[in-house]
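The structure under discussion appears below in the form of structure tokens.
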Amino acid sequence: MGDSLYLAWQYLRYHRLTTAVLVSAIALIMYLPAALQVIVASAEVHFRSRADSTPVVVGPRGSALELVLSAVYFDKPSDAIMRLTELRRIEEQNLGMVIPLHTRYTARDSQIVGTTVDYLNLRRMRLSGGSIWTMHGECVVGAQVAERLDISVGDKIPVSSSTTFVLDSPPLRLRVAGILAVNETPDDDVIFVGLETAWIIEGLGHGHAAGAAHGSPDAKLYTDITKENVNSFHFHGDRGDFPISAVIVVPATEKDQTILLGQYFSPDATVQIARPRVVMDSLLERIVMVRSYMIATIAVVSLVTLLTMTLVFVLSVRLRRAELVTMWKIGCSRHKIAMILGSQIAIILAAGAAIATLLTVATNGYGPQLVRLIVL
Amino acid sequence: MIELRDLQFQYAQSEFALRIKELSLAQGQQTCWIGPSGSGKTTLLHLVAGIYAPQTGRVKACDVELTALQEATRRDFRIANIGLVLQDFALLDYLSVLDNILLPYRISRALQMDASVRSRAEHLATDVGLRDLLPRRPTQLSQGEKQRVAVCRAIIADPKLLLADEPTANLDATNAARVLDALEQYSTDRDATLVVVSHDRDVMSRFASSTDVAEMCVQTPMNPAGDGHHG
Numbered sequence: 231m232g233d234s235l236y237l238a239w240q241y242l243r244y245h246r247l248t249t250a251v252l253v254s255a256i257a258l259i260m261y262l263p264a265a266l267q268v269i270v271a272s273a274e275v276h277f278r279s280r281a282d283s284t285p286v287v288v289g290p291r292g293s294a295l296e297l298v299l300s301a302v303y304f305d306k307p308s309d310a311i312m313r314l315t316e317l318r319r320i321e322e323q324n325l326g327m328v329i330p331l332h333t334r335y336t337a338r339d340s341q342i343v344g345t346t347v348d349y350l351n352l353r354r355m356r357l358s359g360g361s362i363w364t365m366h367g368e369c370v371v372g373a374q375v376a377e378r379l380d381i382s383v384g385d386k387i388p389v390s391s392s393t394t395f396v397l398d399s400p401p402l403r404l405r406v407a408g409i410l411a412v413n414e415t416p417d418d419d420v421i422f423v424g425l426e427t428a429w430i431i432e433g434l435g436h437g438h439a440a441g442a443a444h445g446s447p448d449a450k451l452y453t454d455i456t457k458e459n460v461n462s463f464h465f466h467g468d469r470g471d472f473p474i475s476a477v478i479v480v481p482a483t484e485k486d487q488t489i490l491l492g493q494y495f496s497p498d499a500t501v502q503i504a505r506p507r508v509v510m511d512s513l514l515e516r517i518v519m520v521r522s523y524m525i526a527t528i529a530v531v532s533l534v535t536l537l538t539m540t541l542v543f544v545l546s547v548r549l550r551r552a553e554l555v556t557m558w559k560i561g562c563s564r565h566k567i568a569m570i571l572g573s574q575i576a577i578i579l580a581a582g583a584a585i586a587t588l589l590t591v592a593t594n595g596y597g598p599q600l601v602r603l604i605v606l
Numbered sequence: 052m053i054e055l056r057d058l059q060f061q062y063a064q065s066e067f068a069l070r071i072k073e074l075s076l077a078q079g080q081q082t083c084w085i086g087p088s089g090s091g092k093t094t095l096l097h098l099v100a101g102i103y104a105p106q107t108g109r110v111k112a113c114d115v116e117l118t119a120l121q122e123a124t125r126r127d128f129r130i131a132n133i134g135l136v137l138q139d140f141a142l143l144d145y146l147s148v149l150d151n152i153l154l155p156y157r158i159s160r161a162l163q164m165d166a167s168v169r170s171r172a173e174h175l176a177t178d179v180g181l182r183d184l185l186p187r188r189p190t191q192l193s194q195g196e197k198q199r200v201a202v203c204r205a206i207i208a209d210p211k212l213l214l215a216d217e218p219t220a221n222l223d224a225t226n227a228a229r230v231l232d233a234l235e236q237y238s239t240d241r242d243a244t245l246v247v248v249s250h251d252r253d254v255m256s257r258f259a260s261s262t263d264v265a266e267m268c269v270q271t272p273m274n275p276a277g278d279g280h281h282g
């Protein structure tokens, strides 16, 4: 057996390009269905765990899926708004914890989420450095943002100018007050600010102090909120009309949730209520269906690939006839020749399986990141 | 050493037939079988080696009646006792020179590989001027070097009978002489019987005894005559 493997290995080594193609084909045939399974399973876990920890979301009327993806997974900035009055109306009923979300702006390709500290507590987020925001203009960044932008506490992040509409004032620059620890969720790629800071970004609040846009060489380009000028920042208008993107509600009891759900059945309502778990289950059902189609397609392609590989193998044996006849004439049995050829197949299959396993393990390890990269 | 008696052989679905009444060679004898292409030289060599089995008659080699052996036993006997230099070198391109020489030990359980075999392979390669070429592949060798590798492979198991099929066919005069020297040297040193098959009369002239296979009872559709006798 050792000699058969040795001769087979030498043959495969000599024909390394052909071997590499065959091994790659086998690896792909094995890896693709496994990877699909792993990614879909990971997506299910990822989506469900996030959805399970977000009982109810209230937001502008429209697609429930878009509302959930925007408010729960921060997939992209949302232009749709609702009024703060709605949040107050829910709060007044004392049905549970109510958390506002403002998700209209970005900074350095990361979404800015205006919210309250309750949101960080709901997600059980911990700080790896610094502190929570204590005044307007401060932010707390997710671990991925900090790593990608190579920033630390005290650094400043300019809000993307294309998203701001502040007249007579350059874009706001956020001061990093704290950095969150990694928690493998969309929160890692988010810049959190207080709700009022989000409104200042929107132009609903502003300062009049002389130092508001001064103090540094690039002061003309950005607005910095400092301890000296923070008190000059104020808001105009009725706060009840101020915009928010969504409200997360964590009802205290099942009964409270039922009461809340019952309030949004009216077809005239300008807001909607969604249960992320129900919405994501519906989405996952479709994903599972797509997966089934993909596995069927992969199965057909794999079968064709295997048949082609069999043909390649048979043709290669015919091409090697002179070599095999030489071995037979010297004194090699047909059984031994079959063992040598079988060893070649075994090595190719084993190498393909090993690569497929490694790739699958890697895919499994990076499942959550892959899901976020692919899906969100 | 070699004894053929009342031999008849015909390929399946072919009109070519070979008949030999009697043929014998003594231990240590060096001889050349000569004849034109298609005269049956290679077929005869394969019969003596036990690669082919005749329809009738007896073949004895190294005092063993090959025709009485089962195919598997005959194969094991061949690899352990008969050295074969096949036409066109018949080297395996994907193996190094060393592995080509050691090939008989890798393809049969009748031979046991150990350190001494490896050492012997290196020694043989040194003797024929291949010492520095052991790691190379056959595609990196000249024709003469390839044939010397084929000779080393044939004698690695220390056979008592050495059969060489057109060993000088693709070689220039210098390399041809070098290969024949190596074969004759081995035969003399080990008292091994040597049969060289060739269509080249210059090769025949090197040997004290030779046989024209075409005259030795070869029956073909063009020559439907019958028996012959050779001793």
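In order, the protein sequence lines correspond to chains A and B. Taking the working numbering, I'd label the letters of the first sequence as residues 231 to 606. Taking the working numbering, I'd label the letters of the second sequence as residues 52 to 282. C-beta: ideal position from N, C-alpha, C; glycine also.
| field | Residues of the stretch 162-179 of chain B whose Cβ lies closer than 7 Å to any Cβ of chain A, in chain order | value | Flagged: no residues at all.
| task | Output the residue ranges of the beta strand (DSSP E) runs that lie fully inside the stretch 309-379 of chain A and measure 3 residues or longer, sorted by chain position. | result | Listed in chain order, they are 326-337, 340-345, 357-360 and 368-371.
| query | Does DSSP classify C113 of chain B as helix, strand or coil? | reply | Reading the second sequence from its first residue, position 62 is the one you call residue 113 of chain B. In the structure shown, C113 of chain B sits in coil (DSSP, three-state: anything other than H, G, I, E or B).
| Quick check: the stretch 133-140 of chain B against the stretch 158-169 of chain B, are there 3 or more CB pairs under 8 Å? | Too few Cβ pairs lie closer than 8 Å, so no.
| field | Whole-angstrom C-beta distance between A476 of chain A and S340 of chain A, which should lie under 8 Å | value | For the purposes of this step, residue 340 of chain A is taken as the residue at position 110 of the first sequence. For the purposes of this step, residue 476 of chain A is taken as the residue at position 246 of the first sequence. Not really, about 18 Å apart at Cβ, beyond 8 Å.
| task | Using a Cβ-Cβ cut-off of less than 9 Å, list which residues of the stretch 57-82 of chain B approach chain A; keep chain order. | result | Those residues of the stretch 57-82 of chain B that come within reach of chain A (Cβ to Cβ, closer than 9 Å) do not exist; the list is empty.
| request: Step through the CB atoms of chain A and report whether any lies within less than 7 Å of the CB of I158 of chain B. | output: Counting from one through the second sequence, the residue named residue 158 of chain B turns up at place 107. Taking Cβ atoms only, chain A reaches closer than 7 Å to I158 of chain B, which makes this a yes.
| query | Of the residues that make up the stretch 527-561 of chain A, which ones have a beta carbon closer than 9 Å to any beta carbon in chain B? | reply | Along the stretch 527-561 of chain A, going in chain order, the ones with a CB nearer than 9 Å to a CB of chain B are A552, E553, V555, T556, M557, W558, K559, I560 and G561.
| message | Applying the 10 Å Cβ sphere with the 16-neighbour rule, what's the burial state of N351 of chain A? | response | As a working mapping, residue 351 of chain A is identified with position 121 in the first sequence. Of the other Cβ atoms in all chains shown, fewer than 16 fall within 10 Å of the Cβ of N351 of chain A; this residue is therefore exposed.
| Simplified DSSP state of I560 of chain A, which is helix, strand or coil | Along the first sequence, read from residue 1 onward, the residue named residue 560 of chain A stands at position 330. Helix, per DSSP.
| Going by other Cβ atoms of all chains shown within 10 Å of its Cβ, with 16 needed for buried, is Y64 of chain B buried or exposed? | Sequence index remark: in the second sequence, residue 64 of chain B carries index 13 (1-based). Here residue 64 of chain B is Gln; the residue named in the question, Tyr, does not match the sequence. Label assigned to Q64 of chain B: exposed.
| For G292 of chain A, the first and last residue of its enclosing beta strand (DSSP E) | Locating residue 292 of chain A in the first sequence gives position 62, counting from the first residue. Where G292 of chain A is concerned, there is no enclosing beta strand (DSSP E), given that its DSSP letter is neither H nor E.
| said: Assuming A166 of chain B and C203 of chain B are in contact, meaning their beta carbons sit under 8 Å apart, how far apart are those beta carbons, in whole angstroms? | reply: Position 115 of the second sequence, counting from 1, holds the residue named residue 166 of chain B. Position 152 of the second sequence, counting from 1, holds the residue named residue 203 of chain B. Actually they are not in contact, since the Cβ atoms of A166 of chain B and C203 of chain B sit about 18 Å apart, beyond 8 Å.
| Helix, strand or coil at D223 of chain B according to DSSP, with G and I counted as helix | Along the second sequence, one-based indexing puts residue 223 of chain B at 172. It is coil, neither helix nor strand.
| field | Proximity winner among B:I133, B:G195, B:H174 and B:Q163, relative to D233 of chain A (alpha-carbon distances) | value | Translated into positions along the first sequence, residue 233 of chain A becomes position 3. B:Q163 is the residue among B:I133, B:G195, B:H174 and B:Q163 whose C-alpha sits nearest the C-alpha of D233 of chain A.
| said: Give me the subset of the stretch 235-252 of chain A whose CB atoms are less than 8 Å from a CB atom of chain B, sorted by chain position. | reply: Correct list: Y236, L237, Q240, Y241, R243, Y244 and H245.
| With DSSP run on the structure shown, which of helix, strand or coil describes A104 of chain B? | Numbered from 1 along the second sequence, position 53 holds the residue referred to as residue 104 of chain B. Under the three-state reduction of DSSP output, A104 of chain B falls in the coil class, being neither helix nor strand.
| For P155 of chain B, the first and last residue of its enclosing alpha helix (DSSP H) | Counting from 1 along the second sequence, the entry for residue 155 of chain B is found at position 104. P155 of chain B -> alpha helix (DSSP H) spans L154 to I158.
| query | Counting Cβ pairs closer than 8 Å, one from the stretch 308-316 of chain A and one from the stretch 510-530 of chain A, do we hit at least three? | reply | Not touching, per the Cβ criterion.
| request: Verify whether the separation of the beta carbon atoms of T345 of chain A and L331 of chain A is less than 7 Å. | output: Indexing the first sequence from 1 puts residue 345 of chain A at position 115. Indexing the first sequence from 1 puts residue 331 of chain A at position 101. Cβ atoms of T345 of chain A and L331 of chain A: closer than 7 Å.
| message | Nearest by alpha-carbon distance to P210 of chain B: which of B:C113, B:D183 and B:T93 is it? | response | On the second sequence, residue 210 of chain B is found 159 positions in, with the first residue counted as 1. Looking only at B:C113, B:D183 and B:T93, the smallest Cα-Cα distance to P210 of chain B is reached by B:C113.
| With a Cβ-Cβ cutoff of 7 Å, do V347 of chain A and G408 of chain A count as a contact? | As a first step, residue 347 of chain A must be located in the first sequence, where it is residue number 117. As a first step, residue 408 of chain A must be located in the first sequence, where it is residue number 178. Result no, Cβ atoms of V347 of chain A and G408 of chain A do not sit closer than 7 Å.
| task | Count the other CB atoms, across all protein chains shown, that sit within 10 Å of the CB of R243 of chain A; report buried if there are 16 or more and exposed otherwise. | result | Numbered from its first residue, the first sequence carries residue 243 of chain A at position 13. Looking at its Cβ environment, which holds fewer than 16 other Cβ atoms inside 10 Å, R243 of chain A is exposed.
| query | Is T393 of chain A helix, strand or coil by DSSP? | reply | One-based indexing of the first sequence puts residue 393 of chain A at position 163. Residue placement at T393 of chain A is poorly supported in this model, since its pLDDT is 48, which falls under 50; the coordinates are not used for a value here.
| query | Can you tell which of B:G89, B:S170 and B:I206 has its C-alpha closest to the C-alpha of D263 of chain B? | reply | Taking the second sequence and counting its residues from 1, the one referred to as residue 263 of chain B is at position 212. Scanning B:G89, B:S170 and B:I206 for the CA closest to the CA of D263 of chain B turns up B:G89.
| request: Compare the C-beta of I130 of chain B against all C-beta atoms of chain A and say whether one is closer than 7 Å. | output: Counted from its first residue, the second sequence places residue 130 of chain B at position 79. Answer yes: the Cβ-Cβ gap between I130 of chain B and chain A drops below 7 Å somewhere.
| Beta-carbon proximity check, F463 of chain A vs G492 of chain A, cutoff 7 Å | Sequence index remark: in the first sequence, residue 463 of chain A carries index 233 (1-based). Sequence index remark: in the first sequence, residue 492 of chain A carries index 262 (1-based). Taking 7 Å as the Cβ cut-off, F463 of chain A and G492 of chain A do not qualify as a contacting pair.
| field | Cβ pair Q59 of chain B, P105 of chain B closer than 7 Å | value | One-based indexing of the second sequence puts residue 59 of chain B at position 8. One-based indexing of the second sequence puts residue 105 of chain B at position 54. Yes, they are a contact pair.
| said: Given the structure, does A586 of chain A come close to the ligand MG, in the sense that its CB is under 6 Å from one of the ligand's heavy atoms? | reply: Inclusion of the ligand MG in the displayed structure is not the case, the ligand content being empty and no account of it being possible.
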